[in-house]
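*Asks:* Residue numbers (the numbering used here): 2 to 183.
For each residue, glycine too, the CB sits at the ideal point set by N, CA and C.
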Amino acid sequence: MDSKKFYVSYNSVHKLVKNLSKQLIETGFDPDVIVAIGSGGFIPARIMKTFINRPIYAVGISYYGLDNKHKDHPTKIQWIDEVQSQLIGKKVLLIDEVDDTRATLAYCVGELLKFKPEEIAVLVLHNKQKDKDVEFPAEIKRYFAGLDLGNVWIKYPWDAEDIEKHTENEKIMLEQETKERT
Ligand code: G4P
Ligand code: MG
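1. Is the beta carbon of Y108 closer than 8 angstroms to that of I78?
2. Kindly examine ligand 1 and report whether one of its heavy atoms sits closer than 7 angstroms to the Cβ of G39.
3. Exposed or buried, which one is I26 when buried takes at least 16 other CB atoms within 10 Å?
4. With a CB to CB cut of under 6 angstroms and the five nearest residues on each side skipped, what residues in its chain are close to D3?
5. Can you check whether the CB of D100 is closer than 8 angstroms to the CB of L94?
6. Is the beta carbon of I1 sitting closer than 8 angstroms to the one on P56?
7. On the DSSP letters alone, give me the boundaries of the beta strand (DSSP E) that L175 sits inside.
8. Is the closest heavy atom of ligand 2 to the C-beta of N97 under 7 angstroms?
9. State the beta-bridge partners of F145 as determined by DSSP.
10. Can you find a heavy atom of ligand 1 that lies under 7 angstroms from the Cβ of L106?
11. Taking K5 as the reference, give the member of T183, R182, E171, K180 with the closest Cα.
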């Protein structure tokens with residue numbers, strides 16, 4: 002796998018989400034609720050709330066075992082039993098940080114569809130343009146990605162131990178990219 006690292010600062014996350022909120026409005030999608038897939042989707046979902054002010058339901062889905070290897074299928078580690086009945090007839094905005102293999106996202110969509118929402122739209126900060134392990138069911142009519150990337154490893158700010166260094170790394174990376182383009 003290409004080991005190229007793509008650094009993303011908190012400011013960049015915020016700007017991506019703001020941009021995505023504008024796309025939602027432009028396409029006329031006005032969700033009733035946000036469902037955030039944890040843990041990577043939590044911070045993007047909270048920032049989205051600043052722009053669209055909708056309640057957030059949190060779910061946790063794991064596709065990795067303790068040995069960091071993919072399990073056979075994604076499993077729920079936290080679910081919204083108390084509120085799932087409230088999804089009936091609602092427009093749901095499902096948020097995660099990255100669309101990689103799509104396995105977690107598609108599994109989550111499948112589980113949410115059981116509760117008969119009017120519509121589910123999927124929104125991610127980053128989409129990796131690659132062959133996906135699974136496709137979304139036909140019910141997914143709207144898909145929003147803040148940025149399309151190749152097969153890089155994205156470094157999110159919430160994983161950083163030294164946030165100053167992380168932010169600086171993004172700056173260096175972006176300057177390098179500009180240099181390469183000119
Ligand atoms: P997908 O449906 O979103 O494509 O998810 P997939 O199952 O392929 O990915 C599983 C895990 O791999 C997710 O974490 C996702 O965040 C992580 N991941 C994939 N690509 C990258 C990347 O480039 N950078 C980083 N930092 N993570 C990546 P998870 O198991 O849901 O854990 P969590 O970190 O969200 O808690
Ligand atoms: Mg995730």
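*Replies:* Working from what's here:
1. Along the sequence shown, read from residue 1 onward, the residue named residue 78 stands at position 77. Along the sequence shown, read from residue 1 onward, the residue named residue 108 stands at position 107. No, Cβ-Cβ distance for I78 and Y108 is not below 8 angstroms.
2. One-based indexing of the sequence shown puts residue 39 at position 38. Flag set: Cβ of G39 near ligand 1.
3. Stepping through the sequence shown from its first residue, residue 26 is reached at position 25. Exposed.
4. Indexing the sequence shown from 1 puts residue 3 at position 2. Bear in mind that a pLDDT of 48 at D3, under 50, signals an unreliable position, so the model cannot answer this.
5. The residue you call residue 94 lines up with position 93 of the sequence shown. The residue you call residue 100 lines up with position 99 of the sequence shown. No, these two residues do not count as a Cβ contact at 8 angstroms.
6. In the structure displayed, the chain extends from 2 to 183; residue 1 sits before or after that span and is not available.
7. Within the sequence shown, residue 175 is the residue found at index 174, counting from 1. Here L175 belongs to no beta strand (DSSP E); instead the alpha helix (DSSP H) covers 164 to 182.
8. Translated into the one-based positions of the sequence shown, residue 97 becomes position 96. Reading the sequence as shown, one finds Asp at residue 97 and not Asn. Checking every heavy atom of ligand 2 against the Cβ of D97, one is found closer than 7 angstroms.
9. Within the sequence shown, residue 145 is the residue found at index 144, counting from 1. Under DSSP, F145 forms a beta bridge with L124.
10. Residue numbering aside, residue 106 sits at position 105 when the sequence shown is read from its first letter. For ligand 1, at least one heavy atom lies less than 7 angstroms from the Cβ of L106.
11. Along the sequence shown, one-based indexing puts residue 5 at 4. Ranking T183, R182, E171, K180 by Cα distance to K5 puts E171 first.
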